[in-house]
Amino acid sequence: MLAVEAFKDIIGAHISALKDDSKVWDRHRDMYKCGQLKKTDSSDPIDVGNDQDVVFESGALYAYTDSMVSSVVSPNPKITATPHSESHREPAKAREALVNTTFARTKAHRTLWMAATLSGIYPRSFVKAVWKHPVARPDFINIDPRHIFYDKEVGKWEDIRYIIEATVLTRGEFESRVQSSMPDAPADPKRVYSADIARKAKFDSYPRWLRKDVQQNNINDKELDVFKWVVIYEATDLTEPVPRYYHFLPNEKEPLYAGPPPYYFVRNPYWMLKFNENLEDNGGLSDAFIIENPVRRLDEARTLELRHAQSTIPVTTLNSAAVDDVEDAKEQLRTCTGPGDILAIQLKNGASLRDAIGQTPTSQLSPSFSSAKQALEQEIMFRLGMPQYTRGVAGASDVATELALIDSALRTRQGRRIELMADVIWFMASATIGLYEQFLPEDSTLFVRIMDGTSDKLDRTKLQFRSTSEALALIREGQYPQDDLNIDYEVVPYSPTENSKSAQLKKIAEFFGMLTSAPQFVSQKKLYARLTDMLDLGDLSPSPEELQSLAGAAQPQNGANAAVPPQAANIGTGTDESLKGGDMPSSVEPPPVNAEVSAIGGGAGAKLPNALRAR
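Numbers 1391 to 2005, taken from my numbering, label the letters of the sequence shown in order.
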């Protein structure tokens, strides 16, 4: 266990290091927002000066980040729950439905998009799982990396020894947590702060280093300054089996609060996402840092090109010796600017219009500018692994070839990032189960959506949740509760070229005949429900009353011929044309055939199915 007094030194060291990091991060944030050249900076190689209108910014970081996020983040994240034993199959199915429904209700894709965006601009980002009491469900929030201090000297995130989040409270929020100083005051579970330590709190304006944009003095800043604020450091010691949880005031060794963690079944409610390694610690390396230098050089080249273009705009010249009235000639030249305007200038004897009016000569830009820009653009794309395909640039090649190239590019350079996003989704799934396991009341039920479009009602029994009181008893004894269910949460793989609706519909169309010919293996009801859902035609699904009427209409009518199918009358009569070629009668259903086996033609050059080629 870390000594409580050590947290003061840990927090101080992180704040000191953050001062240097924030300067770099702010610069990269401005690169993403295309705003780094809008401020005069003595360190900027481009001296904007009075020519701010003649400044070009490439926007490469924004373009890449937007393309990357679209490539690695699923718009509909889902998981599958796989049990290790048959007895856990039903709770695994129930938990899978609960997680996927929670992802949909909390708009989990937005959290993932923001996490991926922040990890492109900054070295890392954080996702925090919390229980949202007003709506009684889990939620996931993105935390600015400036606000998180953690152990950087371990290899895996699961092995960190501590994590600290810097938060702020208003005076009213802070005082609502302070224990009453009255000796006979009833105990309030919401008042957990030590009254003696709370007296040392200093309230001031909102801390500038915790503001989202320290460069701007906008309306949000003015709103924040209406209140008085105090910084609170929420620290978690993860060195023991049961984590210890603290709240600290700045520069105070004694905690405002010390006790067990707020969540019994989520040991660490934070998850870190980083895309690149810095080879020094586990702090990560941002994409912005990797391309900062070539982006700035590209901006320089394009800015100089724009300034050259502006300086070479021809200027009209007037030879005063060739006209009678110079001022009148100048006025007419200023006012006659469009087609149909008439220029009437009195020229001196012997002078021509060419002698009187001319233009300044223009210079040509060196061809090296074009080659330099191309080299810089290629360098940026090379460093980021961002081919044209990922940016939606398609050439003249075949569409199938384009799609294959797109998919190959995503799987090679972005495949690792997709797996890292899958780790975040796995964490969110585990946290969802842990939070519901702690806060779902005993007599409460949850309505969740099943994959076939139907809904189900879940309770703690179906989900096989552990007892919260027993878990708290174990925590007080120094033991962390373990989940007895052997269930693995696996993320549904995401590929932008395979997981789109059009791609899935194409697959279903390709195998539709096989799917409909084997109702004993494929539920026709679920198949058509999936189709109508993907086609956004869910309102066409029949109601229970319509289904009942259809079932009634399908019953055989009374009569001698009712039990005989219409086609059966032709069997044995010689009138069925299918019998002439030795085929089965048309009334007999053919047996289901494997799709790959049916592809064997038996002729010259016929290919074996994929399943048999390796044999």
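Ideal Cβ positions, reconstructed from N, Cα and C, are used throughout, including at glycine.
How about residue i and residue j: do their beta carbons lie closer than 8 Å?
i: Leu1688; j: Glu1563; result: no
i: Asp1338; j: Thr1455; result: Absent from the model: residue 1338. The displayed extent of the chain is 1391 to 2005, so no value can be given.
i: Ser1509; j: Lys1413; result: no
i: Ile1865; j: Pro1650; result: yes
i: Arg1419; j: Ile1531; result: no
i: Ile1469; j: Val1882; result: yes
i: Thr1858; j: Tyr1654; result: yes
i: Phe1493; j: Thr1560; result: no
i: Asp1873; j: Thr1472; result: no
i: Glu1555; j: Glu1624; result: yes
i: Leu1502; j: Met1811; result: yes
i: Thr1496; j: Pro1528; result: yes
i: Gln1804; j: Ser1461; result: yes
i: Gly1674; j: Arg1514; result: yes
i: Arg1567; j: Val1544; result: no
i: Lys1720; j: Leu1733; result: no
i: Asp1541; j: Ile1550; result: yes
Can you tell me whether DSSP reads residue i as helix, strand or coil?
i: Ile1706; result: Strictly speaking, residue 1706 in this sequence is Thr, with Ile absent from that position. Reduced to three states, the DSSP call for Thr1706 is strand.
i: Pro1473; result: strand
i: Met1662; result: strand
i: Arg1856; result: coil
i: Gly1903; result: helix
i: Thr1851; result: helix
i: Arg1657; result: coil
i: Gln1605; result: Confidence at Gln1605 is low in this model, with a pLDDT of 43, below 50, so the placement of that residue should be treated as unreliable; the coordinate-derived value is given next. Three-state result, Gln1605: coil.
i: His1499; result: helix
i: Val1438; result: Reliability fails at Val1438, whose pLDDT of 44 lies under 50, so the model's placement of it is uncertain and the value that follows must be treated cautiously. Coil.
i: Ala1393; result: coil
i: Gly1824; result: helix
i: Val1489; result: helix
i: Glu1630; result: coil
i: Ser1756; result: coil
i: Ser1570; result: coil
i: Val1814; result: helix
i: Ser1913; result: coil
i: Ala1919; result: helix
Measure the C-alpha to C-alpha separation of residue i and residue j and round it to an integer number of angstroms.
i: Val1463; j: Ile1840; result: 23 Å
i: His1404; j: Leu1905; result: 59 Å
i: Thr1430; j: Asp1399; result: For Thr1430, the predicted structure reports a pLDDT of 42, less than 50, and the residue's modelled location is therefore unreliable. A value from the coordinates is still provided. Distance between the alpha carbons of Thr1430 and Asp1399 is about 37 Å.
i: Leu1925; j: Glu1476; result: 35 Å
i: Val1632; j: Lys1580; result: 22 Å
i: Glu1644; j: Trp1619; result: 20 Å
i: Leu1862; j: Arg1500; result: 33 Å
i: Pro1659; j: Pro1831; result: 21 Å
i: Thr1727; j: Ser1760; result: 33 Å
i: Arg1856; j: Met1662; result: 28 Å
i: Ser1570; j: Trp1547; result: 39 Å
i: Met1391; j: Thr1629; result: 5 Å
i: Arg1686; j: Ala1453; result: 15 Å
i: Ser1457; j: Ser1448; result: 15 Å
i: Ile1436; j: Phe1829; result: Legend: pLDDT at Ile1436 = 47, less than 50; position of this residue unreliable, value from coordinates given subsequently. Rounded to whole angstroms, Ile1436 to Phe1829 spans 56 Å at the Cα level.
i: Leu1848; j: Ala1393; result: 43 Å
i: Ser1758; j: Pro1704; result: 23 Å
i: Ser1701; j: Leu1743; result: 26 Å
i: Tyr1647; j: Leu1408; result: 25 Å
i: His1478; j: Pro1871; result: 19 Å
Can you tell me where the beta strand (DSSP E) with residue i in it begins and where it stops?
i: Ile2008; result: Because the chain is modelled from 1391 through 2005, residue 2008 falls outside the range shown and cannot be assessed.
i: Trp1599; result: Counting along the chain, Trp1599 falls outside any beta strand (DSSP E), and DSSP gives it neither H nor E.
i: Thr1626; result: Trp1619 to Asp1627
i: Pro1684; result: Note, Pro1684: premise wrong, no beta strand (DSSP E); alpha helix (DSSP H) at Asp1677 to Ser1701.
i: Gly1748; result: Ile1747 to Gln1749
i: Ser1515; result: Ser1515 to Lys1522
i: Val1838; result: Leu1836 to Arg1839
i: Ala1591; result: Per DSSP, Ala1591 belongs to no beta strand (DSSP E) and is neither H nor E.
i: Gly1649; result: Tyr1647 to Gly1649
i: Phe1530; result: Arg1527 to Ile1533
Could you spell out the range, first to last residue, of the alpha helix (DSSP H) harbouring residue i?
i: Phe1397; result: Ala1396 to Tyr1422
i: Tyr1512; result: Where Tyr1512 is concerned, there is no enclosing alpha helix (DSSP H), given that its DSSP letter is neither H nor E.
i: Asp1718; result: Val1716 to Thr1725
i: Asp1586; result: Ala1585 to Ala1588
i: Val1462; result: Ala1450 to Val1462
i: Glu1543; result: Run containing Glu1543: none; DSSP gives neither H nor E here.
i: Glu1880; result: Not the alpha helix (DSSP H): Glu1880 falls in the beta strand (DSSP E), residues Ile1877 to Val1881.
Three CB pairs or more closer than 8 Å across the stretch 1726–1740 and the stretch 1748–1758: no
Cβ contact check for the stretch 1816–1834 and the stretch 1517–1526: 3 or more pairs under 8 Å: yes
Cβ contact (3+ pairs, closer than 8 Å) linking the stretch 1704–1716 and the stretch 1669–1683: Touching, no.
contact_flag[the stretch 1637–1652, the stretch 1485–1503] where n(CB pairs < 8 Å) is 3 or more: Contact between the stretch 1637–1652 and the stretch 1485–1503 is absent, because fewer than three Cβ pairs lie under 8 Å.
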